[in-house]
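Visitor:
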Amino acid sequence: MGRGTVDLLVVAGLAATVAVMLAGFAVAARRVLGLRFGAVRTLLAGALVIVILGPTMQAFAGIVDPADAGVTPLWFFILATLCALLAGLVFLVVAEALVPPGSLPGPLELLRAARRRAVRSRRYLQITRILIRHGLGPYLRGRDPGPSAPAGRARTAEALRLALDEAGVTFVKLGQIMSTRGDLLPPEFVGELRLLQDRAAPAPWAEIERVLAAELGGPVEEAFAEFEREPLAAASIAQVHRARLTGGEEVVVKVQRPGIAAVVEQDLDIVARLARSLERRTGWGRSFGVGELARGFAEALREELDFRVESANMAAVAAASAGEPVRVPVPRPELSSRRVLVMERLRGVPFGGAVPEGTDRQALARTLLETLLRQIMVHGVFHADPHPGNIMLLEDGRLGLLDFGSVGRLDAALRGALQRLLTALDRGDPLGVSDALLEVVARPDEIDERELERDLGRFMARHLVTGTAPDMRMFSHLFRVVSAHGLAVPPEVAAVFRALGTAEGTLARLAPGFDVVAEARAFSARHLTERGGPERIRQTVTQEALHLMPMLRRLPRRVERIVGAAEHGRFGVNVRLFADERDRRYVTGVLHQVLLTVLAATTGIMAVLLLGTEGGPSVTPGVGLLQLFGYNLLAISAMLGLRVLVLIFRSER
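Residue numbers for the sequence shown follow numbering that gives the first Met the number 0, beginning at 0 and rising by one.
(1) Compare the beta carbon distance of L349 and G396 with 9 Å and say whether it is the shorter of the two.
(2) Are the Cβ atoms of R272 and Y123 separated by less than 9 Å?
(3) To which residues of the same chain is A79 closer than 7 Å at the C-beta, ignoring the five residues directly before and after it?
(4) Considering only the alpha carbon of each residue, which of D410, T602, G640 lies closest to G629?
(5) Where DSSP assigns a beta bridge to V252, which residues make up the other side?
(6) Count Cβ pairs between the segment 397-408 and the segment 321-330 that sit closer than 8 Å; are there 3 or more?
(7) When you compare the segment 375-391 with the segment 501-512, are there three or more beta-carbon pairs, one atom per stretch, that lie closer than 8 Å?
(8) If you measure between the beta carbons of I375 and G407, is that distance less than 9 Å?
(9) Any idea what DSSP makes of I446, helix, strand or coil?
(10) With the cut-off set at 9 Å, would you say F513 and R373 are in Cβ contact?
(11) Do V316 and F403 have their CB atoms nearer than 9 Å?
(12) In angstroms with no decimal places, state the Cα-to-Cα distance between R453 and S433.
(13) Whether or not the segment 636-649 and the segment 81-100 are in contact is what I'm after, with contact meaning three or more pairs of Cβ atoms, one per stretch, closer than 8 Å; do they touch?
(14) Using a 10 Å radius around the Cβ and a threshold of 16 neighbouring Cβ atoms, would you call I269 buried or exposed?
(15) Starting from I390, trace the beta strand (DSSP E) in both directions and tell me its first and last residue.
(16) For the beta strand (DSSP E) containing H382, list its first residue and its last residue.
(17) Among residues of its own chain, excluding the 5 on either side of L421, which ones have a beta-carbon nearer than 7 Å to its beta-carbon?
(18) Among V19, A318, L267, L192, which has the Cα closest to the Cα of E298?
(19) Quick one: using the 10 Å Cβ neighbour count with 16 as the cut-off for buried, is L159 buried or exposed?
(20) Quick one: what's got a C-beta closer than 7 Å to T596's C-beta in the same chain, skipping five residues either side?
(21) Shortest alpha-carbon distance to A212 belongs to which of A487, V171, E580, V254?
(22) How long is the line joining the alpha carbons of L334 and V341, rounded to whole angstroms?
(23) Is S336 helix, strand or coil by DSSP?
(24) Which same chain residues, not among the five before or five after E229, have their C-beta less than 6 Å away from its C-beta?
(25) Kindly indicate which residue of V439, E227, H546, V251 has the alpha-carbon position closest to the one of R344.
(26) Compute the beta-carbon to beta-carbon distance between M391 and G347, rounded to the nearest angstrom, for a pair I have assumed lies under 8 Å.
(27) How big is the Cα-Cα spacing for Q626 and G640?
(28) Could you say which of F170, I236, E264, L88 lies nearest to V118 if we only look at CA atoms?
(29) Label L173 either buried or exposed according to how many other C-beta atoms from any shown protein chain fall within 10 Å of its C-beta, with 16 as the threshold for buried.
(30) Where A242 and V380 are concerned, what is the direct C-alpha to C-alpha distance, given to the nearest angstrom?
(31) Out of R29, L43, L85, L13, state which residue places its alpha-carbon closest to the alpha-carbon of L632.
(32) To the nearest angstrom, how far is the alpha carbon of A412 from that of V210?
(33) For L244, which residues from the same chain have a beta carbon less than 7 Å from its beta carbon, with the 5 sequence-adjacent residues on both sides left out?
(34) Looking only at C-alpha atoms, which of G295, Q418, L363 sits nearest to V377?
(35) Looking at the strands, I want to know which residues DSSP matches up with E225.
(36) Can you give, in chain order, each stretch of the alpha helix (DSSP H) that sits fully within the segment 407-447 and has at least 4 residues?
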């Protein structure tokens, strides 16, 4: 056997020994500390054990008599192993305290993060340059936009619109959402941001075809008998094509632009960072709550990128519009996916185009408004963006609703509070408006309710007295009153007023002179009449009685038992302690930590007592048997203490 072969066998043997020692340490650490640790920190701690074990054994070997072949060397070998193991466990506990699991990414994640950071930095600098070029740089450094004159606000609003338009799709969408927050922004900003249009040049057919093939799982010709390559419309996120299924049904196909999701995610990250920076560095950013606005915007835009959400929205709005003279396209879920939405094609003309002569515009406007109000007040699911491009006049004279990427939802409690708010506004009742408003908005810890009631009274005296013609702009004033008292309007309620404001513009374009507020009052009166009619009241009372009947039947017997037990002195209350599994788990964990702490302390005290005891049998000339026991117990006490510490560190996260 050659020397090279021997060296190779030696290296292989050493590698196998090291691997066995590392595996043994990993098992021992998991058993002693009761937790699993990451591979990197376990390997580092194991390497530390191997490095310390050799010198420690050599140091103890110098104490033992070489001629001693008894059990003494074994005791010192165990002690050296415990010391090395203790060093590795200390390393793990310190690493657990200073660098918790998940706080540092792995090497591959570091490379990906560096690449993403470079791309994000370039885009961040680009956005910053756009804002500075349009004169918005001072606002990034903390300038307050509030106190400037109306002319100055108008110039700033125009600059903001131009900057957002130049920044691209995500920032255009952000501006459109901001234009609906009359409770936060001055009217100049709201009016200017409403001019932002979501437009884009059509994507090449080759790119669209690749998206379709990837989402459909095959060529376009297999799913569609015909497919028009020229789009009906193109926006920044998607474009729409006509098509015909193999069964002959005419459909509309909405296809997401290739790569748009990555662009939007990158820009959403920048929006979030800008929002955090503005909240940290500017007073107006904190007062507006731009961080929360950015989070809500990101969530809504991510939903808009998933066409499966839009398909579900279509089904929900269709159910909420059942019985109404409107139509919602029927989606084809079997052909739809995250980036492709196939739906029924509605034939007609959009409100954005020319409405045919002879059309009863007032009747159409009334139908649209009542449909939207019924969706909001009765069903709690409504189309949140009813602009003219999303509404069609169909060939059969009905209305068609399109584009369900933005749909609002209200739960029953919020719908009831909103109905009470609008009813109190209609009655001119400041106290009722104040009470209902505090149910609708997120109430702060401290609020001057009397001052709020006075401000609401002044608001109603301005907008709701005889001789004035209330319009949708009064809600902007109401939002300002709400904001002045530190009340935050929930996004769901803001979506309601955004939809109503958008609908007002659509109705004004469809039927000039249409009185939105008067028609809304008439709808509210009819709705209250329907809810307060004898038949509806009888149904409500019957349903409540049916729910209460079983309880009412059992109530007399239970009352009799309680009274009898109290009369004879046998009345008691049974309480099951720790009936919840979470309570039992918590108490068990606390007892576990207490027991380990007591064991560690007891073992440590015993070790100190043994180390300080004189006499006893000698193991070596300088070390007695009692001291050797003490050293081992001291190492065991330290290990138990480390287990308690690592459990505490983990439980705090």
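No residue lacks a Cβ here, since even glycine has one placed at the ideal position from N, Cα and C.
This one's a predicted model, so the numbers in the text were calculated from it and none came from an experiment.
Guide: Looking at the atomic coordinates:
(1) Contrary to the premise, residue 349 reads as Pro rather than Leu in this sequence. No, Cβ-Cβ distance for P349 and G396 is not below 9 Å.
(2) With contacts defined by Cβ atoms closer than 9 Å, R272 and Y123 form a contacting pair.
(3) These residues qualify, in order along the chain: L52, T55, M56, F59.
(4) Its Cα nearest to that of G629, the residue T602 stands out among D410, T602, G640.
(5) Residue pairing by DSSP places V252 opposite H240, V341 in a beta bridge.
(6) Touching, yes, given that three or more Cβ pairs across the two stretches are closer than 8 Å.
(7) The segment 375-391 makes contact with the segment 501-512, as at least three CB pairs between them are under 8 Å.
(8) For I375 and G407, yes; Cβs fall inside 9 Å.
(9) Note: I446 maps to coil in three-state DSSP.
(10) No Cβ-Cβ contact shorter than 9 Å links F513 with R373.
(11) Result yes, Cβ atoms of V316 and F403 sit closer than 9 Å.
(12) A straight-line Cα-Cα distance of about 9 Å links R453 and S433.
(13) These segments touch.
(14) By the 10 Å Cβ count, I269 comes out buried.
(15) 390-393 is the extent of the beta strand (DSSP E) around I390.
(16) Judged by DSSP secondary structure, H382 falls within the beta strand (DSSP E) whose first and last residues are 380-382.
(17) So the list reads S523, once near-sequence residues are dropped.
(18) Checked all of V19, A318, L267, L192; the closest Cα to E298 is L267.
(19) Burial state of L159 is buried, judged by a 10 Å Cβ sphere holding 16 or more other Cβ atoms.
(20) V643, listed in sequence order.
(21) For A212, the closest C-alpha among the options A487, V171, E580, V254 is that of V254.
(22) Their backbone Cα atoms lie some 6 Å apart in a straight line.
(23) In this structure, S336 counts as coil in the three-state DSSP scheme.
(24) Within the same chain, E229 has no close Cβ partners at all.
(25) Nearest C-alpha to R344 among V439, E227, H546, V251: V251.
(26) With a Cβ gap of about 4 Å, M391 and G347 count as contacting.
(27) Between Q626 and G640, the C-alpha separation is close to 21 Å.
(28) The shortest Cα separation from V118 among F170, I236, E264, L88 belongs to E264.
(29) Classification for L173: buried.
(30) So the alpha carbons of these two residues sit roughly 29 Å apart.
(31) Put simply, of R29, L43, L85, L13 the residue whose alpha carbon is nearest the alpha carbon of L632 is L85.
(32) Straight-line Cα distance between these residues: approximately 42 Å.
(33) By the criterion of a C-beta distance shorter than 7 Å, L244 is surrounded in its chain by F223, A224, V250, once the five residues flanking it on both sides are discounted.
(34) Closest in C-alpha terms to V377, from the list G295, Q418, L363, comes Q418.
(35) Per DSSP, R243.
(36) Uninterrupted alpha helix (DSSP H) stretches at least 4 residues long and entirely within the segment 407-447 occur at 411-426, 429-439, given in chain order.
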